[in-house]
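Reading through the structure tokens given below for one structure.
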Amino acid sequence: MDEHLISTINKLQDALAPLGGGSQSPIDLPQITVVGSQSSGKSSVLENIVGRDFLPRGTGIVTRRPLVLQLINRRPKKSEHAKVNQTANELIDLNINDDDKKKDESGKHQNEGQSEDNKEEWGEFLHLPGKKFYNFDEIRKEIVKETDKVTGANSGISSVPINLRIYSPHVLTLTLVDLPGLTKVPVGDQPPDIERQIKDMLLKYISKPNAIILSVNAANTDLANSDGLKLAREVDPEGTRTIGVLTKVDLMDQGTDVIDILAGRVIPLRYGYIPVINRGQKDIEHKKTIREALENERKFFENHPSYSSKAHYCGTPYLAKKLNSILLHHIRQTLPEIKAKIEATLKKYQNELINLGPETMDSASSVVLSMITDFSNEYAGILDGEAKELSSQELSGGARISYVFHETFKNGVDSLDPFDQIKDSDIRTIMYNSSGSAPSLFVGTEAFEVLVKQQIRRFEEPSLRLVTLVFDELVRMLKQIISQPKYSRYPALREAISNQFIQFLKDATIPTNEFVVDIIKAEQTYINTAHPDLLKGSQAMVMVEEKLHPRQVAVDPKTGKPLPTQPSSSKAPVMEEKSGFFGGFFSTKNKKKLAALESPPPVLKATGQMTERETMETEVIKLLISSYFSIVKRTIADIIPKALMLKLIVKSKTDIQKVLLEKLYGKQDIEELTKENDITIQRRKECKKMVEILRNASQIVSSV
Ligand SMILES: Nc1nc2c(ncn2[C@@H]2O[C@H](COP(=O)(O)OP(=O)(O)OP(=O)(O)O)[C@@H](O)[C@H]2O)c(=O)[nH]1
């Protein structure tokens, strides 16, 4: 059962390996990651655990890609040689039962230099499926080759792992990830930021909550300065998933030991520390076998005064056993979570796949038809305020247009003030001018009309601007619609719809503008002085009179009562002369007597101090202009949006589908239009792969 758990994780590891290893994989599998400074003895520890020499050795950074090392305990079949059988079981015993490890093993184990005949252990690389490596030197060469393949031979590093599986009766089923050693100084043509690069890679692996950190530290250096431990504490400050290994205990100064560290008095870790002894440089040069080394290690701890009492908590076999049990425990704890994660991730990719649409494409014309139909419906929906994803954050579609009409445009129209252009002197000039050569009794009316017409023209600018604003809003809706992922599947078609839509709007804008201009022209052409809301001339005059000569309430000195008001003297002639609406204010207009007939100056203006009558006339005209102007404002604010609805908005809503079909459906280039987006094709491939991998993973975990 236990072995089965680890093998499940191993299978998952392989199944998920195409996802690019530890860091990118969406599923965080429990694994033991090995960190430590350069030359702290990581490779030695791993080789001792495996019981074989198979890791590249050399100077500088040897481990330059993560090595996912899956150790699989494989009991030899009964048919295999009896002697092999015996040896195999012995080493397992050595690993599993500390008590039995003192058995005499001399001459029985012949791992090193093993010939191809001895088929009880072999390695397999995930990148070379089916190929069994019986010769461990070949494994080493393959690791070097595969490392160089990805990183180049120039000592660069890469976080893409190499997956190696070792089947052996001499190992406990266990998965370890060997990571590059922490280094300080770049050598050779290593990038100058190699320290940071390595650190980043290690962090990617060890920061995952399911990573168990195997922190390798040389016992003959100060633990407090251990880079590996420092890094581990960055991601696991409580030390709950870090296990310490102390190497080179044999190299410690006479009289010193690691007892304080083991007792948790230096830097405590929940899983504690395990001291080990690997082969030194000399041992390797003298081709000391691992077997011999393990034997030496055992003897060292058993005979050392500091360790003899706890010798069975020391050394490589104990380390392997402990790692095995930590891993098992961890897997048992995390498996339900992993299962859930796999299912959730699988679902996510399955959904994305559905959204990308099926691979087998419908006929080109049905793709075009359905996209045009969708587009037209969505466009109408947005205009009508039925957009599915109604946002509470901002106005959209029809609501925005409504805002442009009733806020932007209305305010623009309201802000027009005729009197920022009309000066009193201009009114007077126009009054003179509009009387023409023959002074008229009714000049007032004409001056009013001339001025109002001039001012009405000013509505053209904001009205045409409104057309542009609405055009922009409609284009904005277009963008909103076609930015949905489903439109990106056929980029050419999307582009064509977008272009045709914009062209359609541009075409529609021309008659819209004409219509708008005509409306303003109509306003200009006929000034409706009979408009019921327009101030009456008489009312205007009374108001002006009031303004110019506020009534004074006279008091009878005898009675103390207010006297009946008398019409002021200046008002009299106006009232008298007034007959019609504007009744001849100008009948007594001052005419300059020109004694000598000089040519008039090129520019003639009505000059001089205005007479009281002129002032009054000017004020009356201003009042009337103001009154009429506000009528026009109301009309324009009301009618121009209606014109736009008719000519542009509703028209686009009703016509767009027909136009798009005419332009795009059943044309020769329809095949071109419905070419699928490369990104969609690519993404679909990725999603399919993910779904396949995760389905596989899901099947693997479902058996547990
Ligand atoms: N005496 C002694 N030497 C050791 C021990 N562990 C490792 N060494 C030696 O220390 C050196 C470095 O050991 P490695 O196992 O290569 O260290 P590493 O951490 O894998 O090194 P890099 O992969 O380069 O980071 C080698 O020469 C080993 O022989 C030990 O416990 N005792």
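Number 703 in full-length UniProt numbering belongs to position 703 of the sequence shown; there are no gaps in the numbering.
Beta carbons are placed, not taken as given, at the ideal position from N, Cα and C, and that holds for glycine.
Small disclaimer: the values here were computed from a predicted structure and weren't measured.
Check whether the Cβ of residue i sits closer than 7 Å to any heavy atom of ligand 1, and report yes or no.
i, result
"I143", "no"
"S309", "no"
"I277", "yes"
"K42", "yes"
"L251", "yes"
"T147", "no"
"R57", "yes"
"G228", "no"
"K248", "yes"
"G156", "no"
"L63", "At residue 63 the sequence reads Thr, which differs from the Leu that was named. Answer for T63: yes, Cβ within range of ligand 1."
"G315", "no"
"S39", "yes"
"G280", "yes"
"G152", "no"
"R36", "The question names Arg, but residue 36 in the sequence shown is Gly. True, at least one ligand heavy atom lies under 7 Å from that Cβ."
"G181", "yes"
"I481", "no"
"I162", "no"
"I284", "yes"
Distance, Cα to Cα, residue i vs residue j?
i, j, result
"K591", "A447", "For K591, the predicted model reports a pLDDT of 41, less than 50, meaning its position is unreliable and no value from the coordinates is stated."
"E8", "S498", "A small correction: the amino acid at residue 8 is Thr; Glu does not occupy that position in the sequence shown. Spanning the two alpha carbons is a distance of roughly 52 Å."
"G255", "N220", "12 Å"
"S538", "H549", "16 Å"
"Y273", "I243", "6 Å"
"S39", "V691", "42 Å"
"A530", "F405", "28 Å"
"V245", "E138", "28 Å"
"I284", "E295", "15 Å"
"P66", "K685", "27 Å"
"F581", "K653", "With a pLDDT of 42 at F581, under the threshold of 50, the predicted position of this residue should be treated as unreliable, though the coordinate-derived value follows. Looking at the two C-alpha atoms, the distance is approximately 49 Å."
"K547", "M616", "10 Å"
"D669", "K145", "51 Å"
In this structure, does DSSP put residue i in helix, strand or coil?
i, result
"I679", "helix"
"G397", "coil"
"N217", "strand"
"V177", "strand"
"L71", "strand"
"Q350", "helix"
"S245", "According to the sequence shown, residue 245 is Val rather than Ser. V245: strand per DSSP, three-state reduction."
"Y134", "coil"
"L269", "coil"
"G381", "helix"
"E124", "strand"
"I422", "coil"
"N278", "coil"
"L335", "helix"
"D14", "helix"
"L505", "helix"
"Y490", "coil"
"I27", "coil"
"residue 734", "With the chain covering 1 to 704 only, the question about residue 734 has no answer from this structure."
Quick one: residues in its chain with C-beta nearer than 7 Å to the C-beta of residue i, no 5 flanking neighbours on either side, listed in chain order?
i, result
"D533", "I631"
"residue 708", "Nothing about residue 708 can be read from this structure; the chain reaches only from 1 to 704."
"S569", "Summary for S569: the model assigns pLDDT 42, below 50, so the residue's position carries little reliability; its value from the coordinates is reported in the next sentence. So no residue of the chain qualifies."
"I456", "I520, E523, Q524 and V632"
"R270", "G239 and T240"
From this set, the options, which residue's C-alpha is nearest residue i's C-alpha?
i, options, result
"T512", "T615, K642 and Y432", "K642"
"I519", "I267, S415, P275 and K633", "K633"
"I422", "S415, H406 and Q454", "Q454"
"R695", "L346, E292 and A211", "L346"
"N355", "N324, C687 and E672", "C687"
"I681", "P491, G666 and I625", "P491"
"I700", "L335, K230 and F301", "L335"
"I213", "I198, V35, K675 and P317", "V35"
Within its chain, find whatever has a CB closer than 6 Å to the CB of residue i; leave out the 5 residues flanking it on each side and keep chain order.
i, result
"I43", "The question names Ile, but residue 43 in the sequence shown is Ser. Closer than 6 Å at the Cβ level, and outside the excluded window around S43, lie L55."
"K208", "D28"
"D260", "V266"
"residue 705", "In this structure the chain extends from 1 to 704, so residue 705 is not present and cannot be described."
Starting from the C-beta of residue i, find all residues in its chain whose C-beta is less than 8 Å away, skip the five residues before and the five after it, and write them out in chain order.
i, result
"N10", "Q70, I72, R165, T173 and T175"
"V467", "T509, T512, N513, V516, L644 and L648"
"I290", "E47, N48, G51, R52, D53, N111, E112 and R279"
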